[in-house]
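Some notes on the structure that comes next.
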Amino acid sequence: MSPEEATGKLGAGALSVLVLESGDEPAAVASRIHEFDAIVLRFPVFSDGRGFSTARLLRDRLGYRGEIRAEGHFLLDQIPLMLRVGFSSFAVTHGPTIARLQKGDLPAIALFTQPAWGEEKKAGERAWTRRAG
Numbered sequence: 259m260s261p262e263e264a265t266g267k268l269g270a271g272a273l274s275v276l277v278l279e280s281g282d283e284p285a286a287v288a289s290r291i292h293e294f295d296a297i298v299l300r301f302p303v304f305s306d307g308r309g310f311s312t313a314r315l316l317r318d319r320l321g322y323r324g325e326i327r328a329e330g331h332f333l334l335d336q337i338p339l340m341l342r343v344g345f346s347s348f349a350v351t352h353g354p355t356i357a358r359l360q361k362g363d364l365p366a367i368a369l370f371t372q373p374a375w376g377e378e379k380k381a382g383e384r385a386w387t388r389r390a391g
């Protein structure tokens, strides 16, 4: 989908929105990425994890700081991991998931094996990142 085709509405106000399907390459629009108020990453099935990688690429390599929204099929227990790679909002349609989120019942994950986007432990605080000196 071209940036021109992707401009539309997200939420209540008119915004410039880029919609990326699973497997779309964000590098194809890298030169214009900061023109968008939001980027929607679609998940066709909950087992398709390419959106996780795309969100991380948008944040780390392309420096995108706007809203990244997950849309489509994903599970409640994937949301904490989505937050770690840079998602900032979620279009949830699954009733039981909505109910648990409204209660603040987000699954907690105590141990992570990969660094996160954004605020994270400093280098050297994870045993596997320490270097012999």
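Just so we're aligned, residue 259 is where the sequence shown starts under my numbering, counting upward by one.
All residues carry an ideal CB built from backbone N, CA and C; glycine is no exception.
**Message:** Quick check on Phe301: buried or exposed, where buried means 16 or more other Cβ atoms within 10 Å of its Cβ?
**Reply:** Along the sequence shown, read from residue 1 onward, the residue named residue 301 stands at position 43. In summary, Phe301 is buried, with 16 or more beta-carbon neighbours lying within 10 Å of its beta-carbon over all protein chains present.
**Asked** Would a C-beta distance cut-off of 8 Å place Val275 and Phe294 closer than the cut-off?
**Response** Walking along the sequence shown from the start, residue 275 turns up at place 17. Walking along the sequence shown from the start, residue 294 turns up at place 36. Contact flag set, yes.
**Prompt:** Under a three-way DSSP split, which group does Ala264 fall into?
**Reply:** In the sequence shown, residue 264 corresponds to position 6, counting from 1. Interpretation of Ala264 is limited by its pLDDT of 41, a score under 50 that renders its predicted location unreliable; no figure is taken from the coordinates.
**Message:** Quick check on the burial criterion: 16 or more other C-beta atoms within 10 angstroms. Buried or exposed for Pro365?
**Reply:** As a first step, residue 365 is located in the sequence shown; it is residue number 107 there, counting from the start. The residue in question, Pro365, is exposed, as its Cβ has fewer than 16 Cβ neighbours within 10 Å.
**Request:** Return yes when the Cβ of Pro284 is within less than 8 Å of the Cβ of Leu320, no when it is not.
**Result:** Taking the first residue of the sequence shown as 1, we reach residue 320 at position 62. Taking the first residue of the sequence shown as 1, we reach residue 284 at position 26. Remark: C-beta atoms of Leu320 and Pro284 approach each other more closely than 8 Å.
**Prompt:** If you draw a straight line from the C-alpha of His352 to the C-alpha of His292, how long is it?
**Reply:** Looking up residue 352 in the sequence shown gives position 94. Looking up residue 292 in the sequence shown gives position 34. Pairing His352 with His292, the inter-Cα distance amounts to about 31 Å.
**Asked** Who are the near neighbours of Leu359 in its chain, counting only those whose CB is closer than 7 Å to its CB and skipping five residues on each side?
**Response** Residue numbering aside, residue 359 sits at position 101 when the sequence shown is read from its first letter. Here the set comprises Val350.
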